[in-house]
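Visitor: This note's numbering numbers the first residue of the sequence shown as 1006 and each following residue consecutively.
Every residue, glycine too, gets a C-beta built ideally from N, C-alpha and C.
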Amino acid sequence: MAGPFADTPGTPDVVPGAPPSDVPPTGARRQPLVSGNWKMHHDHIEALHTVRDLGLRIKPDDVAAVDVSIHPPFTDLRTVQTLVEAESIPVALGAQHCNDHDRGAFTGEVSPQMLARLGVRYVIVGHSERRQHFGMTDDAVAATLRAVLRHGMTPILCVGETQEERAAGSTETRLAAQLHAALAGLDAAQVAGIVVAYEPIWAIGSGTPASAVDAEDACLFVRQTVATLAGGDAAASLRVQYGGSVNAENAAELAAEPDVDGLLVGGASLDAAGFLEIVRATRPPARRRRA
Ligand code: 13P
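(1) Helix, strand or coil, according to DSSP, for P1030 in the structure here?
(2) Kindly indicate which three-state DSSP category V1125 falls into: helix, strand or coil?
(3) Once you ignore the five residues that flank A1239 on each side, which residues in its own chain have a CB closer than 8 Å to its CB?
(4) Which stretch, first to last residue, makes up the alpha helix (DSSP H) that contains V1085?
(5) What is the chain-ordered set of residues for which the beta carbon lies under 6 Å from any non-hydrogen atom of ligand 1?
(6) From P1289 to R1034, what does the alpha carbon distance come to, in whole angstroms?
(7) According to DSSP, is A1100 helix, strand or coil?
(8) Please name the residue, chosen from V1039, H1047 and Q1036, that lies closest to L1275 on a Cα-to-Cα basis.
(9) Going by C-alpha to C-alpha distance, which of L1234, R1285 and V1245 sits closest to A1257?
(10) Buried or exposed, going by whether 16 or more other CB atoms sit within 10 Å of the CB of L1061?
(11) Given this structure, state the Cα-to-Cα distance separating F1280 from G1041, to the nearest angstrom.
(12) What residues in its chain sit with their C-beta under 8 Å from that of A1273, if we drop five residues either side in the sequence?
(13) Would you give the residue range spanned by the alpha helix (DSSP H) that A1202 belongs to?
(14) Hey, out of A1277, V1056 and R1136, whose CA is closest to L1082's CA?
(15) Determine the burial state of H1132: buried for a count of at least 16 other Cβ atoms within 10 Å of its Cβ, exposed for fewer.
(16) Measuring straight from C-alpha to C-alpha, what distance separates P1078 and V1128?
(17) Touch check for the region 1151-1161 and the region 1090-1107: three-plus C-beta pairs under 8 Å?
(18) Among A1173, V1200 and A1215, whose alpha-carbon lies nearest the alpha-carbon of W1207?
(19) Three-state secondary structure (DSSP) at T967?
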């Protein structure tokens, strides 16, 4: 086995003092979630065209065994919500971030309450770009995650290591620290319903995704770590996505791994046809059409 996990298959290096991992079963039938993170792309008119295009192409069979969410910029959300509802397009509305307060003097921020009122179902929390460029700390990630849960939405918690951490062999230490900071203290039922996205920072926007083996090892490690925090049942229910340079060519191989429960897609989600190819590639094998 190659990659940063070569020395420790199945033996997660959890934070010191944590109880031994109650390893949950892998390959349990968790419905994959494919999420399109548009980042700061597509104004509301472009969003209208893209979602209309998606609506014309998507078939009931595409979403029979896969959940799909799209995460446009804040200024697009109302437009996308209206279109998705009016045309019954089978995708969930998602946001890329929010503040952890419900209201107040926080110039430029958007609250989880506002997102919930718009029908947002999934909120990305702690994306590496928020952590890197906007100083989002582990404490802020934990507070935001709780705020999203408080309003009945599902957080997609992003974790992932830098190239330097990977080279130093500290990927697992980094992931465990991020998971502990965000999830410690939540009850098992809360943890069971969230989504974690493993997004190695070196793979984001680089054109070079993690190998399927490394993605699986990291997603399994996430699940094992969650088991130490919230128990095996919660860990077995939790969905773990892979993200970082996913495209229509590599999606099927990544999504076929037993602990990869879907994909968080950046650049390749901006085009409806390409995004739909990724959704189709993510369907559990029995549901995939023959080429
Ligand atoms: P890319 O798919 O463009 O590498 O972006 C990944 C990402 O950051 C999704 O949140």
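Guide: Quick look at the numbers:
(1) The residue given as residue 1030 occupies position 25 in the sequence shown. Its pLDDT being 46, under 50, P1030 is placed unreliably in this model, and the coordinates cannot settle the point.
(2) For the purposes of this step, residue 1125 is taken as the residue at position 120 of the sequence shown. Correct three-state label for V1125: coil.
(3) One-based indexing of the sequence shown puts residue 1239 at position 234. Only A1193, A1194, V1196, A1197, V1231 and A1232 meet the Cβ criterion.
(4) By one-based count along the sequence shown, residue 1085 stands at place 80. Counting along the chain, the alpha helix (DSSP H) containing V1085 begins and ends at L1082 to A1091.
(5) N1042, H1132, E1204, I1209, G1210, G1248, G1249, S1250, V1251, L1269, V1270, G1271, G1272 and A1273
(6) Counting from one through the sequence shown, the residue named residue 1289 turns up at place 284. Counting from one through the sequence shown, the residue named residue 1034 turns up at place 29. Rounded to the nearest angstrom, the two C-alpha atoms are 9 Å apart.
(7) Counted from its first residue, the sequence shown places residue 1100 at position 95. DSSP places A1100 in strand when its eight states are reduced to three.
(8) For the purposes of this step, residue 1275 is taken as residue 270 along the sequence shown, with counting starting at 1. For the residues V1039, H1047 and Q1036, the minimum Cα distance to L1275 belongs to H1047.
(9) Walking along the sequence shown from the start, residue 1257 turns up at place 252. Of the candidates L1234, R1285 and V1245, the one whose C-alpha sits nearest the C-alpha of A1257 is R1285.
(10) Looking up residue 1061 in the sequence shown gives position 56. Looking at its Cβ environment, which holds fewer than 16 other Cβ atoms inside 10 Å, L1061 is exposed.
(11) The count along the sequence shown starts at 1 and reaches residue 1280 at position 275. The count along the sequence shown starts at 1 and reaches residue 1041 at position 36. If I take the Cα positions, the gap works out to 8 Å.
(12) For the purposes of this step, residue 1273 is taken as residue 268 along the sequence shown, with counting starting at 1. V1251, N1252, A1253, G1279, F1280 and I1283, listed in sequence order.
(13) As a first step, residue 1202 must be located in the sequence shown, where it is residue number 197. Unbroken run through A1202 is the beta strand (DSSP E), V1200 to Y1203; no alpha helix (DSSP H).
(14) Here residue 1082 refers to the residue found at position 77 when the sequence shown is read from its first residue. Measuring from the Cα of L1082, the nearest candidate turns out to be V1056.
(15) Mapped onto the sequence shown, residue 1132 falls at position 127. Under this definition H1132 is a buried residue.
(16) Walking along the sequence shown from the start, residue 1078 turns up at place 73. Walking along the sequence shown from the start, residue 1128 turns up at place 123. Computed Cα separation, rounded: 12 Å.
(17) yes
(18) Here residue 1207 is taken as the residue at index 202 of the sequence shown, counted from 1. Cα-wise, what sits closest to W1207 is A1215.
(19) Because the chain here runs from 1006 to 1296, residue 967 falls outside it and cannot be looked at.
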